[in-house]
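A.B. asks: For the sequence shown, position 117 (counting from the first letter as 1) is numbered 443 according to the numbering used here, and the numbering increases by one without interruption.
The beta-carbon is built from N, C-alpha and C at its ideal position, and this holds for glycine as well.
As the structure is a prediction and not an experimental result, all values here were calculated from the model.
After the structure tokens below, expect a handful of questions from me.
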Amino acid sequence: MTTSMTFDPVTSASLPTLAPDGKRQIAIVGCGATFSRRLRGSVSAEFPERDVIFFDRIDAYVDGHRAEPSGFEMVMFDAGSFCAFAAKLAGGEVTLPSGRVAVALEDTSACDTVFDAHSSLIFSEGISLLPMNSGINAWLCLLSLVHTGSQYLPASIALRLLSLGGAALATCDPDALARIERLTPREREILAAIGGGMSNRLIATEFGISEHTVKIHIHRVISKLEVPNRTSAAVFFLGHRALFD
């Protein structure tokens, strides 16, 4: 069974302060072919308490980012603008947004292509890849998930982590079973949920506990597995799934 992956961002950043008009701001960066007027209107309707600002060129976004000292609460790029932004970031021409970052892509194949080119940046900064071929309502749900603070990666990338990350873990982590045995039954359930791509909110609903309790469980799982973050815990689970059966 294939599954998408949802992670808390690897790095956390405080949310931007309020804009002068009292609203936080969301930036959409890309061409009109990707972000049509109708889609931009749907995003505005999804986030009525936010100012949604559209930039049709990466340079316009960079100028807008510099002019807005409070930063943007969330920035959504299309494929071309994200690649251009990543190049400018590598060259020291821009800085990372202080809020959440997502890339809107045509389909999962496009997600794979962007992931191949920028996997290190995507993992280190908790950048989400959102395929747009599943319908506008599903896509807006993913965008809302990102807005709450989660990172979303599609199923094709989850499977790649299983095949590549799992093989690496099996080679370099001979005491995996001992680490797993440290976990309580509930912590194993939480870890499996993380590996299955569930957000904290969904995990809380699934097990009838609060999101705060979920965060406590995740913190303990990370500590007992001796991994640096939630993403690594999910990869650990995918790479050692057989040990949980």
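Within 10 angstroms of its Cβ, does E419 collect 16 or more other Cβ (buried), or is it exposed?
C.D. replies: Flag for E419 reads exposed.
A.B. asks: For D382, does the three-state DSSP call read helix, strand or coil?
C.D. replies: Of the three classes helix, strand and coil, the one that applies to D382 here is coil, per DSSP.
A.B. asks: For R567, I'd like the list of residues in its chain whose CB is within less than 7 Å of its CB, leaving aside the five on either flank, ordered along the chain.
C.D. replies: Closer than 7 Å at Cβ, skipping near neighbours: no residue.
A.B. asks: Can you tell me whether H391 is buried or exposed, with buried defined as 16 or more other CB within 10 angstroms of its CB?
C.D. replies: Answer is buried; the Cβ neighbour count reaches 16.
A.B. asks: Return the residue from the list V561, P554, Y478 and V553 that minimises the CA-CA distance to A518.
C.D. replies: Taking only the C-alpha atoms, the option nearest A518 is V561.
A.B. asks: Roughly how many whole angstroms lie between the Cα atoms of Q477 and K414?
C.D. replies: If I take the Cα positions, the gap works out to 23 Å.
A.B. asks: How many angstroms separate the CA atom of I542 from the CA atom of A359?
C.D. replies: If I take the Cα positions, the gap works out to 43 Å.
A.B. asks: Within the same chain, show all residues whose beta-carbon is closer than 8 Å to that of D389, passing over the 5 residues directly before and after it, in chain order.
C.D. replies: Excluding sequence neighbours, D389 sits near nothing in its chain.
A.B. asks: What is the DSSP secondary structure of D377, counted as helix, strand or coil?
C.D. replies: Residue state, collapsed to three classes: strand.
A.B. asks: Which same chain residues, not among the five before or five after L503, have their C-beta less than 7 Å away from its C-beta?
C.D. replies: Once the five neighbours on either side are set aside, the close Cβ partners of L503 are L569.
A.B. asks: Check whether the Cβ of L564 sits closer than 8 Å to any heavy atom of the ligand ATP, and report yes or no.
C.D. replies: Here there are no bound small molecules, and the ligand ATP is not part of this structure.
A.B. asks: Runs of 3 residues minimum, wholly inside the segment 444-479: which ones carry the beta strand (DSSP E) assignment?
C.D. replies: DSSP runs (the beta strand (DSSP E)) wholly in the segment 444-479: 454-457 and 477-479.
A.B. asks: Can the beta-carbon of R576 be found less than 9 Å from the beta-carbon of F380?
C.D. replies: Absent from the structure is residue 576, since the part of the chain shown begins at 327 and ends at 571.
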